[in-house]
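Below is one structure, written out as structure tokens, with a few remarks after it.
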Amino acid sequence: MQFRLMLQRLFHEKLAFVSMIYLLLLVFLSLFASWIVPFDPNEQDLSKVMLPPDGTNWFGTDELGRDVFSRVLMGAQAAIQAGLVAILIPLVIGVPLGIISGYLGGIVDDIFMRIVDAILSFPAILLALGITGALGVSLWNAMIAIGIIFTPQFARLARGQTLQVRREPYVEAAKISGAGPLWIMMKHILPNILSPIIVQASFSFSLAILVEASLSFLGMGAQSPQVSWGGMLQQAYSMIFVNPLMMLFPGIAILISVLAGNFFGDGLRVAFDPKMKRT
Amino acid sequence: MYVIPMLIVTTLIVFSLILIIPGDPALALLGDNATEEKLALLRSQLGLDQPILIQYWNWLTNAVQGDLGRSLFTGEIVSDAVFSRLGVTFQLVIASILFSFVFGMTFAIASVIKPNSWMDYLSRFVGTLGTAIPNFWLAMLLIVLFSVNLGWLPATGFISISESPTGFLQSIILPSICLGAFGAAQITRQLRSSLLEVLESDYIRTAYSKGLLLWPVIWKHALRNSLLPVITTTGLLFGNMLGATVVIETVFAIPGMGQLAVNSILQRDFPMLQGVVLVMVVLVLVINFVTDVLYSVLDPRIEFK
């Protein structure tokens, strides 16, 4: 049972394991936060604006009297959505294209890699911004844009891995026994290049949370009434001289989530490849 | 030449940004109240009434001659607007690269001279934190600390180095820390691991055994061989930082290309956006080229193709 072995190794990576628990909690929140939150995250109460943290409002209230704790919990939704969509697009588009390119080689591979290089030479946030701007400003379009800018990395990774395994004896054997290219790519190459791709997905997940927060901060991601940590920081920024405390909790939420994604990725890398030195 | 196909594909991507606007771009840009004449005018102005490849060709040949069109919003000539802001962004990015490099090197060296000391832990902590902290949040924290509470540095604004060198320094410190934090962390991690690797090698042991002290060994022997991968990282950081200026210039109200990009999206000013993206990506390509050349100069084993 390779999977169980991997899980055991992951358990030994304490930090990665804690991160995994945290990420699972975040996924749970993204699904059920609206039932858990103590207050309606969009309910305004102008009689209690910008309160410091206390027993009722654990993280205080914002400039419209909304409960910051409830809003931070709700913000998990936008973050998890962004993270998932942003890795799903490259997994579905980038990985197959990378495998095909690496397996076929030749002119297809040449053209394909030039395109990948070209997209990679764009500053990522700028391209995401440009795509969001063209598609129209919304969280959904921001997530698509982030997914698109991640796609070339996955394609390049999948291609590189495919180049390594396509001359392996088991691939040759499958070829001789008459398997078609599609079968070989699906049944023999994909399963054997999956580990580095999953590790990359974990790092991209946390990067997506970061980029989504940046776009929402600029007003080009989640739109009200959807709550997002980046959007909360945009408000906090406009209140920075009045109530600097408002920026504290959404920022910490982003930081911890990104760290968790990175630690989990590090842990996975070690779990997949015990020979790897820890960084 | 590798650069030419890259330029063709990248310009094609920049150009096609206008193609992914859902529906009629002219209608999307002008809004529902636009008259039919205005729509027709904009379509011919943008060349939307022609086949796509012709549109691309016209746009490209104009762009090569420095004509990126006019702003839909202010009527300003795009190339003028972009180039007048290029200097600002350039000063910011160079300052940030310097910050990343100096801090990255300091932390990495501090980390390897005494493994598992507090300096080592601090460096690893900074290296981990720097890649995860949202740069605009760091900016807000620093503004609260240094501008609001201590009153040492201005919260927003930019003064060019040619105007007043001291004013420049004051206005650039916070933005370059925020823009450079990620880079500093990257360089710390990269240099730390390559230094650790090099310090294990035979020639370092030889250097020690002939009586050299720690510092000369690090400066003269280890660093020289560890810095090569850092050059590549720094080259990549350049593009990364150019992109991140959209956030940092917005937070600190710096009138550079990043701010121009954000404004042109908010105003749906497409020629302007294309102009900014095009100039930035060409800059990145130039820097990549320079990095490659530099690499082959520094390491004679690598031949520049």
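Chains A and B, in that order, are what the protein sequence lines are. Just so we're on the same page, this note's numbering is the position in the first sequence counted from 1, plus 954. Just so we're on the same page, this note's numbering is the position in the second sequence counted from 1, plus 81. No residue lacks a Cβ here, since even glycine has one placed at the ideal position from N, Cα and C.
8 Å CB neighbourhood of B:T313 in its chain, flanking five on each side removed: Sequence-distant Cβ neighbours of B:T313 in its own chain, meaning closer than 8 Å and more than five residues away, are T372, Y376.
A:L969: which of A:D1227, A:G1215, A:F1226 sits nearest, CA to CA? A:L969 has its Cα closest to that of A:G1215, out of A:D1227, A:G1215, A:F1226.
So if DSSP puts B:R151 in a beta bridge, which residue, or which two residues, is it bridged to? The partner list for B:R151 (beta bridge, DSSP) reads B:I158.
If we define contact as Cβ-Cβ less than 9 Å, is A:T1010 a contact residue for chain B? False, the Cβ-Cβ gap to chain B never drops below 9 Å.
Express the C-alpha separation of B:I285 and B:H302 in angstroms, rounding to a whole number. Cα to Cα, the separation comes out at about 7 Å.
For B:L141, collect the residues of the same chain with a Cβ closer than 8 Å to its Cβ; drop the 5 residues on either side in sequence, then sort them by chain order. Excluding sequence neighbours, B:L141 sits near T92, F96.
Residue from B:S152, B:L231, B:A191 with nearest C-alpha to B:G341: The sequence shown places Leu at residue 341 of chain B, rather than the Gly named in the question. For B:L341, the closest C-alpha among the options B:S152, B:L231, B:A191 is that of B:S152.
Exposed or buried, B:I99, counting other C-beta atoms within 10 Å across all chains shown (16 or more means buried)? By the neighbour-count criterion, in which 16 or more other beta carbons inside 10 Å mark a residue as buried, B:I99 falls on the buried side.
Residue range of the unbroken alpha helix (DSSP H) whose run includes B:Q126: Unbroken alpha helix (DSSP H) run through B:Q126: 117-127.
Please list, in chain order, all residues of the same chain as A:P1150 whose beta carbon is under 7 Å from its beta carbon, the five residues on each side excluded. Within the same chain, Cβ atoms closer than 7 Å to the Cβ of A:P1150 are found at L1111, Q1115, the five residues on either side in sequence being excluded.
How far does the alpha helix (DSSP H) with A:K1129 in it reach, from first residue to last? Element bounds for A:K1129: 1123-1130.
By how many angstroms is the C-alpha of B:I368 removed from the C-alpha of A:R1223? If you draw a straight line from the Cα of A:R1223 to the Cα of B:I368, it comes to about 32 Å.
Run down chain B in chain order and give the residues with a C-beta less than 7 Å from the C-beta of A:P1077. The contacting residues are G320, N321, L323, G324, M361, V365.
C-alpha gap between A:L985 and A:A1207, whole angstroms: C-alpha of A:L985 to C-alpha of A:A1207: approximately 17 Å in a straight line.
Is it true that the CB of A:G1048 sits closer than 9 Å to the CB of A:P1253? Here chain A covers residues 955 to 1233 and nothing more, so residue 1253 of chain A does not appear.
Selected residue, minimal CA-CA separation from A:E1122, among A:I1069, A:Y1057, A:F1171, A:A1099: Of the candidates A:I1069, A:Y1057, A:F1171, A:A1099, the one whose C-alpha sits nearest the C-alpha of A:E1122 is A:Y1057.
Residues in its own chain within less than 7 Å of A:V981 by CB, not counting five upstream and five downstream? Only I1034 meet the Cβ criterion.
Can B:L260 and B:V163 be called in contact, C-beta distance under 9 Å? Against a cut-off of 9 Å, the Cβ pair of B:V163 and B:L260 comes out as no contact.
Cβ closer than 9 Å: which chain A residues qualify as neighbours of B:A189? In chain order: nothing, as chain A lies at least about 13 Å away.
Residues from the segment 976-987 of chain A in contact with chain B, defined by Cβ distance under 8 Å: Against chain B - using a Cβ distance shorter than 8 Å - the segment 976-987 of chain A contributes no residues.
Stretch pair the segment 272-289 of chain B + the segment 132-151 of chain B: three plus CB contacts closer than 8 Å: Flag = no, the segment 272-289 of chain B and the segment 132-151 of chain B do not touch.
Minimum length 4: unbroken alpha helix (DSSP H) runs contained in the segment 264-345 of chain B: With a minimum length of 4 residues, the continuous alpha helix (DSSP H) runs that stay inside the segment 264-345 of chain B are 283-290, 304-332.
Could you tell me the alpha carbon to alpha carbon distance between B:T116 and B:V90, rounded to whole angstroms? Approximately 36 Å between the Cα atoms of the pair.
For a contact defined as C-beta to C-beta under 8 Å, what are the partners of B:V371 on chain A? Within chain A, no residue has its CB atom less than 8 Å from the CB of B:V371, the nearest being about 13 Å off.
Min CB distance A:F1171 to chain B below 9 Å: A:F1171 counts as touching chain B.
With distance defined between alpha-carbon atoms, name the residue in B:G316, B:S345, B:F227 nearest to B:F370. Ranking B:G316, B:S345, B:F227 by Cα distance to B:F370 puts B:G316 first.
Could you check if B:W218 is buried or exposed, using at least 16 other CB atoms within 10 Å of its CB as the buried criterion? Around the C-beta of B:W218, 16 or more other C-beta atoms lie within 10 Å, and the residue is accordingly described as buried.
Inspect the beta-carbon positions of A:Q1154 and A:G1219 and report whether they are closer than 9 Å. Taking C-beta atoms as the reference points, A:Q1154 and A:G1219 count as a pair closer than 9 Å.
If you follow the alpha helix (DSSP H) that A:I1065 is in, where does it begin and where does it stop? First-last of the alpha helix (DSSP H) with A:I1065: 1060-1074.
Establish whether the CB of B:N197 and some CB of chain A are separated by less than 9 Å. For B:N197, the answer is no, since every Cβ of chain A falls outside 9 Å of its Cβ.
Does B:V193 pass the burial test, meaning 16 or more other C-beta atoms within 10 Å, or should it be called exposed? Buried, because 16 or more other Cβ atoms sit within 10 Å of the Cβ of B:V193.
Any beta carbon of chain A sitting closer than 9 Å to that of B:P86? Contact of B:P86 with chain A is assigned, a C-beta pair being separated by under 9 Å.
Taking only beta-carbon atoms, is A:P1006 less than 9 Å away from chain B? Chain B contact via Cβ: absent.
Would A:V991 and A:M1028 be called neighbours here (beta carbons separated by less than 9 Å)? It is a contact, given that the beta carbons lie within the stated cut-off.
Based on Cα-Cα distance, which residue from B:I258, B:V84, B:T237, B:L234 lies nearest to B:N216? The shortest Cα separation from B:N216 among B:I258, B:V84, B:T237, B:L234 belongs to B:I258.
Whole angstroms is fine: what's the gap from A:L1093's alpha carbon to B:G238's? Rounded to whole angstroms, A:L1093 to B:G238 spans 30 Å at the Cα level.
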